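K.L.:
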Amino acid sequence: MLDIFSLNEGCKNHKVMTISAKRSKVICVSHMEDADGISSAALIKQAFGGDTVLADYPSLMSDLDKLTRDEKLKTLYICDLGLSKKNQDEFVDILNTLRKNHVSITYVDHHDIDKRILTKLQKIKVKLIHDVKECTTVQVYDAFKSKLSDHAAFTAACAAITDYMEDRPKGSKLLQIYDRQLALLEATVLTYTIVGHQKDTDYLIYLVDVLSESKYPHEIPNSFEFARIQAEKLSAWIKIVKEDMKIMKNLGHMEVLNSGASGVANFVLGMSGKDVGVAYKLRKEHGIYAVSVRGSKSCKLHLGKIVNNLSTELGGSGGGHDKACGAIIPKAKMKKFLTQFNAKLK
Ligand SMILES: [Mn+2]
Numbered sequence: 005m006l007d008i009f010s011l012n013e014g015c016k017n018h019k020v021m022t023i024s025a026k027r028s029k030v031i032c033v034s035h036m037e038d039a040d041g042i043s044s045a046a047l048i049k050q051a052f053g054g055d056t057v058l059a060d061y062p063s064l065m066s067d068l069d070k071l072t073r074d075e076k077l078k079t080l081y082i083c084d085l086g087l088s089k090k091n092q093d094e095f096v097d098i099l100n101t102l103r104k105n106h107v108s109i110t111y112v113d114h115h116d117i118d119k120r121i122l123t124k125l126q127k128i129k130v131k132l133i134h135d136v137k138e139c140t141t142v143q144v145y146d147a148f149k150s151k152l153s154d155h156a157a158f159t160a161a162c163a164a165i166t167d168y169m170e171d172r173p174k175g176s177k178l179l180q181i182y183d184r185q186l187a188l189l190e191a192t193v194l195t196y197t198i199v200g201h202q203k204d205t206d207y208l209i210y211l212v213d214v215l216s217e218s219k220y221p222h223e224i225p226n227s228f229e230f231a232r233i234q235a236e237k238l239s240a241w242i243k244i245v246k247e248d249m250k251i252m253k254n255l256g257h258m259e260v261l262n263s264g265a266s267g268v269a270n271f272v273l274g275m276s277g278k279d280v281g282v283a284y285k286l287r288k289e290h291g292i293y294a295v296s297v298r299g300s301k302s303c304k305l306h307l308g309k310i311v312n313n314l315s316t317e318l319g320g321s322g323g324g325h326d327k328a329c330g331a332i333i334p335k336a337k338m339k340k341f342l343t344q345f346n347a348k349l350k
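Position 332 (the sequence shown) corresponds to 336 in the numbering used here; numbering is contiguous.
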């Protein structure tokens, strides 16, 4: 009898425990591939504490989905992660599940977003901070500056530089506070340090922590050496791109074998003399190409929108900004992507 009684008591207590387990965790999910994502996460951490989850586009949905099973999660920030036609509905579904669990969600971003999705997010009471004209870190700074150190303005100015958005109303005001050359140097050192550590998430999380403590990129141990190594790699690409890139009527393109595609896309753009540069790298394990697209100043088309539509038609996904965007294209459709993209650039 006693045993059964104890057992029942145990069950009851367990139930009470589960019900009363308080949600207290703060998590920021941010983009791992550039200074805007890493810096947004750093400012969120400084303002609200909590943990950081760094995501890239292939991992984003599964990273968010995991959070729906986190019973401690109370407050979620999502930063600098744009949506595409392929994942936007799933994104709303996952956020809806989180909202039903009473998780407070703030989504800060500057990528082009479907109006229908915007309305859906408002409906489920996701707090939206969304301006396509300013980088994410500048928007985080602007929204939460009362909770941030003065130095956070410098971090935001650097992020604006790396996102080509230091000429925008808010971004330029922040940059004005500082010496331009210093900001350019620090922004580049940070970016190259991030690019050189894409396979080392623990290190990237460490960068978020260091930046959240109001440190300059030059104070990060070995950051200048990391930048130097990256500069060496990038400059070596100039010669390779000149020899290997292919030219179509409206774009230059090149397959990349052993480097990130995004850095190379800039060189392809510059050296092709065309208004659009495309670089792509095969990810064998996924059977897809990771594609980077860059547009020149004189390119008047919104490349992010074109790439979003075209990549979805070809069974992939993609999108981004008017002059800088990316896509995931099934391996067998890469040629088709190039010819159709070229045709759409008339
Ligand atoms: Mn950004």
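Where a beta carbon is used, it is the ideal one built from N, C-alpha and C, also for glycine. Note that the coordinates shown come from a computational prediction; the quantities given were computed from them, not determined experimentally.
At a threshold of 8 Å, does T195 count as lining ligand 1 (C-beta to nearest heavy atom)?
P.N.:
no
K.L.:
Below 8 Å, is the gap between the Cβ of C162 and the nearest heavy atom of ligand 1?
P.N.:
no
K.L.:
How far does the beta strand (DSSP E) with M258 in it reach, from first residue to last?
P.N.:
G256 to V260
K.L.:
Under 7 Å Cβ to Cβ from C329, same chain only, skipping five residues before and after it: list those, please.
P.N.:
Scanning its chain for C-beta atoms nearer than 7 Å, with the 5 sequence neighbours on each side dropped, one finds around C329 the residues V297, L307, G308, V311, G322 and G323, in chain order.
K.L.:
Rounding to the nearest angstrom, what Cα-Cα distance links E217 and K76 in this structure?
P.N.:
Taking the CA atoms as reference points, E217 sits about 25 Å from K76.
K.L.:
Quick one: measure Cβ to Cβ for G175 and A187, integer angstroms, because I've assumed they're closer than 8 Å.
P.N.:
That belief does not hold up - the Cβ atoms of G175 and A187 are roughly 11 Å apart, past 8 Å.
K.L.:
For Y210, count neighbouring C-beta atoms within 10 Å of its own C-beta (all shown protein chains included) and say buried if the count is 16 or more, exposed if not.
P.N.:
exposed
K.L.:
How big is the Cα-Cα spacing for K363 and S108?
P.N.:
Since the displayed the chain opens at 5 and closes at 350, residue 363 lies outside it and no answer follows.
K.L.:
Quick check: does the Cβ of G323 come within less than 8 Å of any heavy atom belonging to ligand 1?
P.N.:
no
K.L.:
Relative to the C-alpha of I333, which candidate in L349, L286, H115 and A347 has its C-alpha closest?
P.N.:
L286
K.L.:
With DSSP collapsed to three states, give me the class of K78.
P.N.:
strand
K.L.:
Closer than 6 Å by C-beta to D154: which residues in its own chain qualify, once you throw out the five before and the five after it? Chain order, please.
P.N.:
none
K.L.:
On the CB-based measure, 16 or more other CB atoms within 10 Å of its CB, does A347 come out buried or exposed?
P.N.:
exposed
K.L.:
For a test of the three-state rule: what should DSSP assign to M338, helix, strand or coil?
P.N.:
Three-state DSSP puts M338 in a helix.
K.L.:
Indicate the three-state DSSP secondary structure (helix, strand or coil) for T123 in the structure shown.
P.N.:
helix
K.L.:
Which term fits Y293, buried or exposed, when burial requires 16 or more other beta carbons within 10 angstroms of its beta carbon?
P.N.:
buried
K.L.:
Among all residues, which have a Cβ less than 7 Å from at least one non-hydrogen atom of ligand 1, and in what chain order do they fall?
P.N.:
Any residue whose Cβ sits closer than 7 Å to a heavy atom of ligand 1 makes the list: H35, D38, D40, G41, D84, H114, C139, T140 and D167.
K.L.:
Could you tell me the distance, in whole angstroms, from the CA atom of V272 to the CA atom of K350?
P.N.:
Between the alpha carbons of V272 and K350 lies a gap of roughly 19 Å.
K.L.:
Let me know the secondary structure DSSP gives I292 once reduced to three states.
P.N.:
strand
K.L.:
Cα-Cα, which of L87, A240, R172 and F148 is closest to L64?
P.N.:
L87
K.L.:
Would you decide whether I242 is buried or exposed? Buried here means 16 or more other CB atoms lie within 10 Å of its CB.
P.N.:
exposed
K.L.:
Quick check for students: name the residue ranges of the beta strand (DSSP E) that lie wholly in the stretch 304-350, counting only runs of 3 or more.
P.N.:
321-324 and 328-334
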